[in-house]
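Peer 1: What follows is a single structure, and I will ask about it in a moment.
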Amino acid sequence: MCVGVHCPPNDVFDIQLEPNLYYVAYPHQYHFILDQPEQCGQQNPYLVIVIPVAPHNRAARDAIRHTWGGETTVLGRRVSHFFLLGQSEDQGQALQDQLLQESQEHRDLLQGDFLDSYRNLTIKTMLMLEWLALRCPGAAYGMKTDSDMFLNVHALVEMLPGAPRCRYMTGRVARWAPAQRNPNSKWFMPHEVFPESQYPPYALGLSYVFSMDLPYKLIEASRHEPDLYYVAYPHQYHFILDQPEQCGQQNPYLVIVIPVAPHNRAARDAIRHTWGGETTVLGRRVSHFFLLGQSEDQGQALQDQLLQESQEHRDLLQGDFLDSYRNLTIKTMLMLEWLALRCPGAAYGMKTDSDMFLNVHALVEMLPGAPRCRYMTGSVARWALAQRNPNSKWFMPREVFPESQYPPYALGLSYVFSMDLPYKLIEASRHDPAGIFELVEVVGNGTYGQVYKGRHVKTGQLAAIKVMDVTESPECRDQGVESRVQGVESRVQGVESRLVMEYCGAGSVTDLVKKTKGNCFKEDWIAYICREVLRGLTHLHSHHVIHRDIKVDFGVSAQLDKTVGRRNTFIGTPYWMAPEVIACDENPDATYDYRSDLWSLGITALEMAEGAPPLCDMHPMRALFLIPRNPPPKLKTKKWSKRFLSFVDRCLVKNHQLRPSAEALLRHAFVKDLLNERQVRIMLKDHLDRTQGPDSIVNVPGEWTLRREFLRLQTEGREGSRDGGGVGGGGGGGVGGGGGVAQQRQQQAVQQQQRQQQLAEQERYKQQLLADRHKRLQQEHEQRQKLED
77 MCVGVHCPPN
87 DVFDIQLEPN
97 LYYVAYPHQY
107 HFILDQPEQC
117 GQQNPYLVIV
127 IPVAPHNRAA
137 RDAIRHTWGG
147 ETTVLGRRVS
157 HFFLLGQSED
167 QGQALQDQLL
177 QESQEHRDLL
187 QGDFLDSYRN
197 LTIKTMLMLE
207 WLALRCPGAA
217 YGMKTDSDMF
227 LNVHALVEML
237 PGAPRCRYMT
247 GRVARWAPAQ
257 RNPNSKWFMP
267 HEVFPESQYP
277 PYALGLSYVF
287 SMDLPYKLIE
297 ASRHEPDLYY
307 VAYPHQYHFI
317 LDQPEQCGQQ
327 NPYLVIVIPV
337 APHNRAARDA
347 IRHTWGGETT
357 VLGRRVSHFF
367 LLGQSEDQGQ
377 ALQDQLLQES
387 QEHRDLLQGD
397 FLDSYRNLTI
407 KTMLMLEWLA
417 LRCPGAAYGM
427 KTDSDMFLNV
437 HALVEMLPGA
447 PRCRYMTGSV
457 ARWALAQRNP
467 NSKWFMPREV
477 FPESQYPPYA
487 LGLSYVFSMD
497 LPYKLIEASR
507 HDPAGIFELV
517 EVVGNGTYGQ
527 VYKGRHVKTG
537 QLAAIKVMDV
547 TESPECRDQG
557 VESRVQGVES
567 RVQGVESRLV
577 MEYCGAGSVT
587 DLVKKTKGNC
597 FKEDWIAYIC
607 REVLRGLTHL
617 HSHHVIHRDI
627 KVDFGVSAQL
637 DKTVGRRNTF
647 IGTPYWMAPE
657 VIACDENPDA
667 TYDYRSDLWS
677 LGITALEMAE
687 GAPPLCDMHP
697 MRALFLIPRN
707 PPPKLKTKKW
717 SKRFLSFVDR
727 CLVKNHQLRP
737 SAEALLRHAF
747 VKDLLNERQV
757 RIMLKDHLDR
767 TQGPDSIVNV
777 PGEWTLRREF
787 LRLQTEGREG
797 SRDGGGVGGG
807 GGGGVGGGGG
817 VAQQRQQQAV
827 QQQQRQQQLA
837 EQERYKQQLL
847 ADRHKRLQQE
857 HEQRQKLED
């Protein structure tokens, strides 16, 4: 907590997050069905109180409205109250109509499109924080309180003026609370999520008050985590007890693995003395192994007993994970990993529960007629329903599996498989298969591929997926940047590479420039965007990468040679190109380095300020000619601050060797002294939300297309000069020259026609995309209008 009254200018949380087996951060993929976007702004409250409540609990809401929630002005300060709810499991249209009517009557309902259940209280809380950060930036304090609490608002408002205005949170604090390890408890906390035995001090959820800088900071910290649920093999566990040589020495035909609890020695002995004692059946070798984890209350005595049992029977496999019902998937994946590693010569594997009695003779008699690869058999469940009750041990959230019925699958009590499957399943689990994401729509086109909006087929989480040739993908390796767009996965399929990244659905700077039309693009917005770009460029340049196409919709990167650190290839979009980049085409000995990106950033800053880059009204080839020869461009109006003018001048130094680096520009006062960052981010997001439309798809001419055009014009100029000399040099030369020109013009006409057809096809494709998107937005608007009506 800070001790002063005002927030320090660069105040940030030092929060260390790392991906775990369980999702411990905000999924940020939910939206509001009922919202009050203007209420906070109109009321300008000192304190905003949010009360989570079940959708059907109208009685509780009315009771609060008629008692302590009816006080809107307390001790001369404005207090606002809002009720936050999700969607009921059995919610029908009738209940939604009642909520809509209630919202129109009281203007205090906030409803998100998530299942309103006890297990989703974290989602409810994070939606509250997001709403407060976006809608109530002027409030001093926020509060969350349960609907069954009675609040003394007067005492609270009387207390708050003496409280800090930033990094402040208070409530009833729990200390030394033990982590609940019972899997059947509603407060169950797995070791994998929180390994300590006691929680650190925390405010109980029944009621807490916080300064209004915290919602934004908590939301921002939560955005850097992966998917909502971890659906692949974590492959971070190890064996405490192992039998590395047993399979190799026995060379079995069939390997049977029996998962069992660590303390259940009786079950293991019963199997050893009955069907598990048969090691040779019908002339084929059969091996048995027991797989266990670690007990919740496991002490050294139990571990010593297991070690002694392992030495006696040589059939125990123990992993370093908590042995519980919820961790059966980990147990199964460890089994597959062990089989793939230790038993490559076996023909078949089997998993069976410890309370099953197995007819080994019948099984071994059946197997020789079974396939030796891609084979699995057992008791198959068909049309099994996904369990949506959060209190059920088989609870399956819609975010993980949206369908109402499971596809056919082998029940876990017993199944047999060919021994090629363990390795294949393990390998498939280590990556996100291509089928995990479905491509929804094209959101951008370029020379090197298309960018799609994708959706995770199981969780519904959105992602940006760039589909491109494999030649570009190596530039993206190991270039993750904190606080920039987060890469999720890069996957190569044949000659096609797919880069899956965080989906930034708010829009691009292109949308912002187009929608503001030069009227309301504020200087602090430009400073914030330039600072974020500089941070990204600092990271790229430190890894010897030049971006080479900085502009409002950004573009392609180039990998620098680590020793030379410079490039001499011609690529980029002309209006933003640095003079030294253009010079490379005229002079083969010319070079440029990473500072060419800073020139492009300066042009981008001009574009954000004036709505268009310099020379944009000229043909690209004319711009290419003038950029190296003209003095550096400057801002046309004098309404901008001296710091902004200085920043642009520092970026647009024509001699790239005198141009500052990205790291140096980050220390410039224009981007360094941004005091109201939180407010700027909220305003940008709100502006994009209000102005984003179907025309946000942009199709910029490809960089290599521009290069070809440039070279063609140069070639035409040289050949034209030679042809002119032939005509003036005499009759014979003139005839020859004329024939060459005619043939060349004919070829140019054909090429021009082909280009026009290509452009027309691209335009038709773009218009179709825009039409589809407009139709989809129109349908969404009609649905919202229908709901409001």
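Sequential numbering of the sequence shown, starting at 77, is according to our numbering. Even glycine gets a Cβ: it sits at the ideal position worked out from N, Cα and C.
Start and end of the beta strand (DSSP E) containing H532?
Peer 2: Taken as a continuous stretch (DSSP letters only), the beta strand (DSSP E) holding H532 covers 525-532.
Peer 1: Quick check: what's the CA-CA separation for S273 versus P266?
Peer 2: If I take the Cα positions, the gap works out to 11 Å.
Peer 1: Of the residues V456, A446, D222, A346, which one's Cα is nearest the Cα of L434?
Peer 2: The residue with the shortest Cα to Cα distance from L434 is A346.
Peer 1: Is DSSP giving I658 helix, strand or coil here?
Peer 2: I658: helix per DSSP, three-state reduction.
Peer 1: Going by DSSP, what residues sit across from Q463 in a beta bridge?
Peer 2: Q463 pairs with F471.
Peer 1: Near P291, which residues of its chain fall below 6 Å by C-beta distance, leaving aside the five closest residues on each side in sequence?
Peer 2: Closer than 6 Å at the Cβ level, and outside the excluded window around P291, lie L205, L208, A209.
Peer 1: So, does the segment 497-507 touch the segment 214-229, judging by three or more C-beta pairs under 8 Å?
Peer 2: The segment 497-507, when compared against the segment 214-229, does not touch it at the 8 Å Cβ threshold.
Peer 1: Return helix, strand or coil for R248, following the three-state DSSP convention.
Peer 2: Looking at R248 - three-state DSSP - the assignment turns out to be strand.
Peer 1: Keeping to the same chain, check which residues put their C-beta closer than 7 Å to that of V519; ignore five residues upstream and five downstream.
Peer 2: Within the same chain, V519 has close Cβ partners V527, Y528, K529, I773.
Peer 1: So, at 7 Å on beta carbons, what are the nonlocal neighbours of N340 in its own chain, with the 5 sequence-adjacent residues on each side left out?
Peer 2: S430, listed in sequence order.
Peer 1: Span of the alpha helix (DSSP H) holding Y223?
Peer 2: Tyr is not the amino acid found at residue 223; the sequence shown has Ser there. No alpha helix (DSSP H) holds S223; DSSP gives it neither H nor E.
Peer 1: Could you name the residues that DSSP lists as bridge partners for S287?
Peer 2: Note: S287 sits in a beta bridge opposite Y217.
Peer 1: Could you round the C-beta distance between R154 and T148 to whole angstroms and report it? I think they count as a contact, below 8 Å.
Peer 2: Contact holds; Cβ gap of about 7 Å.
Peer 1: Does the segment 239-252 come into contact with the segment 324-338, if we say contact requires no fewer than three beta-carbon pairs (one atom in each stretch) closer than 8 Å?
Peer 2: Not touching, per the Cβ criterion.
Peer 1: May I ask which residues mark the beginning and end of the alpha helix (DSSP H) holding D345?
Peer 2: Element bounds for D345: 341-349.
Peer 1: Confirm, please, whether the CB-CB distance from N752 to D600 is below 8 Å.
Peer 2: Contact: yes.
Peer 1: Which of the three DSSP states, helix, strand or coil, is assigned to D396?
Peer 2: Note: D396 maps to strand in three-state DSSP.
Peer 1: Is Y485 buried or exposed, if buried means 16 or more other CB atoms sit within 10 Å of its CB?
Peer 2: The residue in question, Y485, is exposed, as its Cβ has fewer than 16 Cβ neighbours within 10 Å.
Peer 1: So, do the segment 312-321 and the segment 271-287 have three or more beta carbon pairs nearer to each other than 8 Å?
Peer 2: Segments in contact, no.
Peer 1: Less than 8 Å separating the beta-carbons of M426 and V357?
Peer 2: Not a contact, by the Cβ cut-off of 8 Å.
Peer 1: Under 8 Å, with one C-beta from each stretch per pair, do the segment 400-416 and the segment 445-455 reach the 3-pair mark?
Peer 2: Touching, no.
Peer 1: Please state whether DSSP places F433 in a helix, a strand or coil.
Peer 2: DSSP places F433 in coil when its eight states are reduced to three.
Peer 1: Going by other Cβ atoms of all chains shown within 10 Å of its Cβ, with 16 needed for buried, is G421 buried or exposed?
Peer 2: Exposed, by the Cβ-count rule.
Peer 1: In angstroms, rounded to a whole number, what distance separates the CA positions of A462 and P259?
Peer 2: If I take the Cα positions, the gap works out to 20 Å.
Peer 1: Closer than 6 Å by C-beta to A745: which residues in its own chain qualify, once you throw out the five before and the five after it? Chain order, please.
Peer 2: Same-chain partners within the cutoff: R719.
Peer 1: Apart from the five residues just before and just after L443, which ones in its own chain have a Cβ nearer than 6 Å to its Cβ?
Peer 2: Closer than 6 Å at Cβ, skipping near neighbours: Y424.
Peer 1: Pick helix, strand or coil for T355, following the three-state DSSP scheme.
Peer 2: Three-state DSSP puts T355 in coil, outside helix and strand.
Peer 1: Quick one: what does DSSP say A745 is sitting in, helix, strand or coil?
Peer 2: DSSP places A745 in helix when its eight states are reduced to three.
Peer 1: Verify whether the separation of the beta carbon atoms of L702 and A685 is less than 8 Å.
Peer 2: The answer is no: Cβ separation not under 8 Å.
Peer 1: Taking the alpha carbon of E479 as the reference point, which residue from S490, L487, W470, A460 has its own alpha carbon closest?
Peer 2: With distances taken between Cα atoms, E479 lies closest to A460.
Peer 1: For my contact list, C660 and Y651 are in at a C-beta cut-off of 8 Å; report their separation, rounded to the angstrom.
Peer 2: 17 Å between Cβ atoms; not a contact.
Peer 1: Looking at chain C, is there any beta carbon in it that lies within less than 8 Å of the beta carbon of R241?
Peer 2: This model lacks chain C altogether; it includes just one protein chain.
Peer 1: Who are the near neighbours of W144 in its chain, counting only those whose CB is closer than 7 Å to its CB and skipping five residues on each side?
Peer 2: F226, L227, V229.
Peer 1: Kindly list the residues whose CB is nearer than 6 Å to the CB of P690, restricted to its own chain and excluding five residues on each side of it in sequence; keep chain order.
Peer 2: Same-chain partners within the cutoff: P709.
Peer 1: A699 by DSSP, collapsed to three states: which one?
Peer 2: Here A699 sits in helix by DSSP.
Peer 1: Ignore the nearest five residues each way along the sequence and tell me which others in L515's own chain have a CB closer than 7 Å to its CB.
Peer 2: So the qualifying residues of the chain are Y528, G530, I541.
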